[in-house]
Amino acid sequence: MKVYLDNSATTLVAPEVIESMLPYFSGDIGNASSVHSFGQRAKAAVETARRQIAELIKAAPSEIVFVSGGTEADNLAIRGIAEAHSATGRHIITSAIEHPAVLATCEALESSGFRVTYAPVSSAGVVDPQQIREAIKDDTILVSIMQANNEIGTVQPLEEIGRFVRERRRAGASNLHFHTDAVQSAGKIPIDVDDLGVDLLSLTAHKFHGPKGAGALYVKKGTRLGKLFYGGHHERDRRPGTENVPGIVGLGRAADLAAQELSERSDRMRGLRNYLEDSLKQRLTDMKINGDGAPRLPNVSNVSFAGVDGESVLINLDLKGIAVSTGAACSSGSLEPSHVLKALALTKEEIRGSVRFSLGAFTTQAEIDYAIAVTVEAVKRLRELAPAAEESARASL
Amino acid sequence: MYTKEVEDHLANPRNAGELIEPSGTGDVVNQVCNDRIRLTLHIVDGVITDAKFKASGCPPTVAAASVLTTLIIGQEIERAAQLSRNDVIAALVRLPPAKIHSAVLAIEALQGALDCINNREEVSGAKK
């Protein structure tokens, strides 16, 4: 049995999405900038997708900029604000648990003279809005806080942070902006950009059953933003380059499906996720659900199994056809423990024994039952294999 | 990322467990990553007649300990003492560069177990 439980890394493309994209590979092949009918059909398809994305996050279509994915959206938001507003301030606030697309971009800006405040999180993995409020200074131009964390799924209190940002703006900080990386949350929980109070929001298709290589940045009307690239007037001058028409069409269709099925998908995934966690807790001792107690995405479960190595669990599961991850997928090649789990103040052992199960809209009960059985067996076996803690070991040379 | 051999030893560890009344025990821990191997040996007339291991840590550490037992059972202790980390790696075909420490730990566990036997022999020799 093959069971894919790494949907926070990427998801399968829904059949309806594939179908919607196919005409744009061979029949409707036009460049959306071309005047002829091929081009105009491509342009119409791109504009339909723009409306679909806008509908998903309750924005206006003109506020949607198509990009290649989440990393580009985050870079465009952060670098774009930094470039356009550096004359009025060079301070940015973000959190310790952001995706590397945000953290590394902020670090790069630090090396060119910006100050960055990295807000800590509680042991449940949530940013304290009061700390953000206090961190906002007169020269702060951007607050960038993710909507939901990619490793533990905790949902951040954006509405409250948004209120503090607006409050500060009303008091005169007209150059203060609010960005959120909604790559994990888009298509999984309801989003209304006005309720959140954000000026910029990043999302990507492949996290909600769309294709890889297509994403979007919401840019609130009137926001001044620098560019990453030069060479054309596409996307209202915000992002030059020939549009990835099939990808954008797929992104739009995936957003459309996610919007239509949001509560149904979310209820199903939450039910299966809770069942997975309850079943593991019943059958295994010494485990901890990371981020438990905080609001979480319905599809993510990050579990620390005491006394085992997460990668050993992962390989054991992989050999039985089950895909999970340890730490953030993008960082798995490095030996550094996950910055997110470190920020939660977990013990080294808890970080080491952490495994992320992430469900998708197509995950079934039978798949979860199989994953539970294999995980329980693997963790028990690895624990049996471990030397007894009370025996003393000599330090390796 | 890992060879079939590493995966096979992780999924089907050979000689897992602990011998009763071992002739020698080697128990070593890597203090950086906390990987640990505990190796117990039975020696009869200078030959390793049985070996069992317990291990915790990343997949190659379990695999290195497991494959080590297959390399040493039936060996004379002088020959077993000459095994190096490269022999362990070769038996697993390949280890990622960042995981060489697993093979090092396995060899250190073996040396620890053999040292333990030598020390005992010295002690018992002194009594004679």
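Sequence lines, in order, name chains C and R.
Each residue of the first sequence is one higher than the one before, starting from 27 at the first, in the working numbering.
Each residue of the second sequence is one higher than the one before, starting from 147 at the first, in the working numbering.
C-beta: ideal position from N, C-alpha, C; glycine also.
Using a Cβ cut-off of 8 Å, pull out every chain C residue sitting near residue i, in sequence order please.
i: residue 204/R; result: 335, 337 and 338
i: residue 258/R; result: 420
i: residue 251/R; result: 422
i: residue 237/R; result: Within 8 Å Cβ-Cβ: nothing; residue 237/R doesn't reach chain C, min ~18 Å.
i: residue 182/R; result: 412, 413 and 419
Can you tell me where the beta strand (DSSP E) with residue i in it begins and where it stops?
i: residue 189/R; result: 182 to 190
i: residue 425/C; result: Since the first and last residues shown for chain C are 27 and 423, residue 425/C lies out of range.
i: residue 145/C; result: 141 to 145
i: residue 328/C; result: 326 to 331
i: residue 52/C; result: No beta strand (DSSP E) contains residue 52/C, which is instead part of the alpha helix (DSSP H) from 49 to 52.
Give the residues of chain C in contact with residue i, contact being defined as C-beta atoms less than 7 Å apart.
i: residue 176/R; result: 422
i: residue 197/R; result: The premise fails here: residue 197/R is roughly 15 Å from chain C at the closest Cβ pair, so nothing lies under 7 Å.
i: residue 162/R; result: 411
In chain C, what lies closer than 9 Å to residue i by C-beta?
i: residue 173/R; result: 413, 417, 418, 419 and 420
i: residue 150/R; result: What residue 150/R touches in chain C: nothing, since even the nearest Cβ is about 10 Å away.
i: residue 201/R; result: 411, 412 and 413
i: residue 208/R; result: 335, 338, 408 and 411
Can you give the Cα-Cα distance for residue i and residue j, rounded to whole angstroms?
i: residue 198/R; j: residue 161/R; result: 5 Å
i: residue 47/C; j: residue 156/R; result: 42 Å
i: residue 270/C; j: residue 226/C; result: 21 Å
i: residue 425/C; j: residue 317/C; result: No statement about residue 425/C is possible, as the shown extent of chain C runs from 27 to 423 and does not include it.
i: residue 416/C; j: residue 180/R; result: 15 Å
i: residue 40/C; j: residue 182/C; result: 28 Å
i: residue 267/C; j: residue 255/C; result: 8 Å
i: residue 347/C; j: residue 247/C; result: 47 Å
i: residue 243/C; j: residue 207/C; result: 9 Å
i: residue 127/C; j: residue 220/R; result: 54 Å
i: residue 114/C; j: residue 120/C; result: 19 Å
i: residue 253/R; j: residue 227/R; result: 9 Å
i: residue 354/C; j: residue 241/R; result: For residue 354/C, the pLDDT reaches just 35, beneath the cut-off of 50, and the residue's location in the model is therefore unreliable, although a value from the coordinates is still provided. One C-alpha to the other measures close to 23 Å.
i: residue 357/C; j: residue 200/R; result: Confidence in residue 357/C is poor, its pLDDT being 34 and thus under 50, which makes the residue's placement unreliable; the coordinate value appears in the next sentence. Taking the straight line from one Cα to the other gives about 29 Å.
i: residue 359/C; j: residue 261/C; result: The predicted model places residue 359/C with a pLDDT of 38, which falls under 50 and marks its position as unreliable, so this point remains unresolved.
i: residue 38/C; j: residue 241/C; result: 16 Å
i: residue 274/C; j: residue 293/C; result: 27 Å
i: residue 156/C; j: residue 148/C; result: 12 Å
i: residue 196/R; j: residue 218/R; result: 8 Å
i: residue 49/C; j: residue 76/C; result: 18 Å
i: residue 373/C; j: residue 27/C; result: 34 Å
i: residue 57/C; j: residue 95/C; result: 20 Å
i: residue 272/R; j: residue 264/R; result: Unreliable placement is indicated for residue 272/R, whose pLDDT of 48 sits below 50; the coordinate value is still reported in the next sentence. Answer to the nearest angstrom: the Cα atoms are 12 Å apart.
Chain R partners of residue i, CB-CB under 7 Å?
i: residue 345/C; result: 153 and 157
Closest to residue i by CA distance: which of the options is it?
i: residue 298/C; options: 272/C, 316/C and 325/C; result: 325/C
i: residue 35/C; options: 382/C, 401/C, 408/C and 421/C; result: 382/C
i: residue 385/C; options: 350/C, 376/C and 219/C; result: 350/C
i: residue 430/C; options: 212/C, 75/C, 202/C and 203/C; result: Outside the displayed range of chain C (27 to 423) lies residue 430/C, so it cannot be described from this structure.
i: residue 32/C; options: 156/C, 179/C, 135/C and 128/C; result: 179/C
i: residue 295/C; options: 310/C, 234/C and 52/C; result: 234/C
i: residue 201/C; options: 251/C, 262/C and 220/C; result: 251/C
i: residue 311/C; options: 293/C, 321/C, 323/C and 333/C; result: 333/C
i: residue 315/C; options: 379/C, 287/C and 192/C; result: 379/C
i: residue 159/C; options: 176/C, 185/C and 135/C; result: 185/C
i: residue 280/C; options: 69/C, 80/C, 204/C and 70/C; result: 80/C
i: residue 147/R; options: 403/C, 389/C, 338/C and 397/C; result: 338/C
i: residue 323/C; options: 175/C, 91/C and 305/C; result: 175/C
i: residue 287/C; options: 214/C, 205/C, 88/C and 154/C; result: 214/C
i: residue 54/C; options: 43/C, 30/C, 70/C and 42/C; result: 70/C
i: residue 263/C; options: 168/C, 116/C, 331/C and 88/C; result: 88/C
i: residue 342/C; options: 399/C, 116/C and 73/C; result: 399/C
i: residue 249/C; options: 406/C, 421/C, 327/C and 107/C; result: 107/C
i: residue 259/R; options: 170/R, 153/R and 202/R; result: 170/R
i: residue 219/C; options: 63/C, 90/C and 377/C; result: 90/C
Along chain R, which residues have their Cβ under 9 Å away from the Cβ of residue i?
i: residue 377/C; result: Residues of chain R passing the Cβ test: none, with the nearest at roughly 11 Å.
i: residue 270/C; result: Under the 9 Å cutoff, chain R gives no residues; its nearest Cβ is about 31 Å from residue 270/C.
In terms of residue numbering, what span does the alpha helix (DSSP H) encompassing residue i cover?
i: residue 285/C; result: 271 to 286
i: residue 65/C; result: 63 to 83
i: residue 311/C; result: Note, residue 311/C: premise wrong, no alpha helix (DSSP H); not H, not E.
i: residue 195/R; result: Note, residue 195/R: premise wrong, no alpha helix (DSSP H); beta strand (DSSP E) at 193 to 202.
i: residue 240/R; result: First-last for residue 240/R: undefined, no H or E at that position.
i: residue 155/R; result: 150 to 157
i: residue 173/R; result: Here residue 173/R belongs to no alpha helix (DSSP H); instead the beta strand (DSSP E) covers 170 to 175.
i: residue 260/C; result: Where residue 260/C is concerned, there is no enclosing alpha helix (DSSP H), given that its DSSP letter is neither H nor E.
i: residue 120/C; result: Careful: residue 120/C lies outside any alpha helix (DSSP H), inside the beta strand (DSSP E) at 117 to 121.
i: residue 339/C; result: 336 to 345
For residue i, is the beta carbon positioned less than 7 Å from some heavy atom of the ligand NAP?
i: residue 394/C; result: Among the components modelled here there is no ligand, and therefore nothing to report on the ligand NAP.
Give me the chain R residues within the contact set of residue i, using Cβ-Cβ distance strictly less than 8 Å, ordered along the chain.
i: residue 394/C; result: The premise fails here: residue 394/C is roughly 22 Å from chain R at the closest Cβ pair, so nothing lies under 8 Å.
i: residue 342/C; result: 156 and 157
Would residue i pass as an interface residue toward chain B - the criterion being a Cβ-Cβ separation below 8 Å?
i: residue 90/C; result: In the structure shown, chain B cannot be found, because the protein chains are C and R.
- Query: Which runs of the alpha helix (DSSP H) fall wholly inside the region 159 to 240 of chain C and span at least 4 residues, in chain order?
  - Reply: 184 to 196 and 219 to 222
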